[in-house]
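The structure under discussion appears below in the form of structure tokens.
Okay, here's the thing in structure tokens:
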């Protein structure tokens, strides 16, 4: 064959030193243990093993998952150091299917719709009757998100000592929507009964009393409570998401 008859198909490219052929085969992790994600904070996921709140571990996302989103409520499989001792880190190697999802819609600050909580049963829409004044727009958007994601919505009215709940609640009388009062002076037995055996998401504007409500339901949560400024905006110092155990079987994600 003459030199002019050669083309690129005749050239054998050798792998560089130290490289090895890539494979799509992924480890099976047959020894992985089931867990639930209960917190997300700065690239680390807090998980409980086997549904036992006393078996708490911190995990990272395994490389083979790539950018697979993992949120509070996700059922996952974990491997590695599962002792839960300080400074130990397990790996999340699988994310299970999601029964329900609560999505945060795209807005000016984040153009991408994102799942923020998975596998929750119900959505507690927290609205203050005053200071800040109630907004029906939030309730409308929350109802759409709940129905679209498979969650049962519950309207929860706080600060009932500042305004009566009936006028605001009457705006939703035509909907099949349960309404409960959760003011500072209201007993929370009805709310606690709704949460029993359920995973419930709390959703509401800043300053409406979400942290106060969580602290009353789960005193050991010790959520920081902010002040409401003169323009009706709460000073809530935390934006991570956590899952709290409310009763022997009730759990409340808050963030």
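Numbering (the UniProt record's numbering), first residue to last: 1 to 255.
We put the beta carbon where it would ideally sit given N, CA and C, even for glycine.
Under three-state DSSP, which class holds residue i?
i	result
residue 46	strand
residue 80	strand
residue 141	helix
residue 219	helix
residue 123	strand
residue 28	coil
residue 102	strand
residue 162	coil
residue 202	strand
residue 208	coil
residue 213	helix
residue 243	strand
residue 136	helix
residue 188	coil
residue 107	coil
So residue i and residue j are supposed to be a Cβ contact under 8 angstroms. How far apart are they, rounded?
i	j	result
residue 101	residue 79	Not a contact, Cβ separation roughly 25 angstroms.
residue 73	residue 118	4 angstroms
residue 103	residue 149	6 angstroms
residue 120	residue 76	About 16 angstroms separates the two Cβ atoms, so there is no contact after all.
residue 181	residue 165	5 angstroms
residue 94	residue 30	Not a contact, Cβ separation roughly 11 angstroms.
residue 153	residue 169	Wrong, their Cβ atoms sit about 13 angstroms apart, outside the cutoff.
residue 155	residue 173	In fact, because the Cβ distance is near 11 angstroms, the residues do not count as touching under 8 angstroms.
residue 39	residue 243	7 angstroms
residue 159	residue 183	6 angstroms
Per DSSP, residue i forms a beta bridge with which residues?
i	result
residue 147	Bridge partners of residue 147: none, in fact.
residue 171	Looking at the DSSP assignment, residue 171 forms no beta bridge with any residue, so it has no partner.
residue 33	78
residue 129	In the DSSP output, where bridge partners are listed per residue, residue 129 has none listed.
residue 196	Beta-bridge pairing links residue 196 to no other residue.
residue 92	61, 78
residue 154	124, 178
residue 118	101
residue 72	117
residue 56	48
So with Cβ pairs under 8 angstroms, would you call residue i a contact of chain D?
i	result
residue 54	The structure shown contains no chain D, having only a single protein chain.
Original post:
So, do the segment 85–93 and the segment 47–61 have three or more beta carbon pairs nearer to each other than 8 angstroms?
Top reply: Between the segment 85–93 and the segment 47–61 there are three or more C-beta pairs closer than 8 angstroms, enough to call the two in contact.
Original post:
Does the pairing of the segment 199–207 with the segment 166–181 give three or more beta-carbon distances under 8 angstroms?
Top reply: No: fewer than three Cβ pairs fall under 8 angstroms.
Original post:
For the 8 angstroms Cβ check, are there 3 or more pairs between the segment 123–137 and the segment 208–216?
Top reply: Short answer: they touch.
**OP:** Check whether the segment 213–222 touches the segment 179–199, counting contact only when three or more Cβ pairs, one atom from each stretch, lie closer than 8 angstroms.
**Re:** In this structure the segment 213–222 touches the segment 179–199; the number of beta carbon pairs closer than 8 angstroms is three or more.
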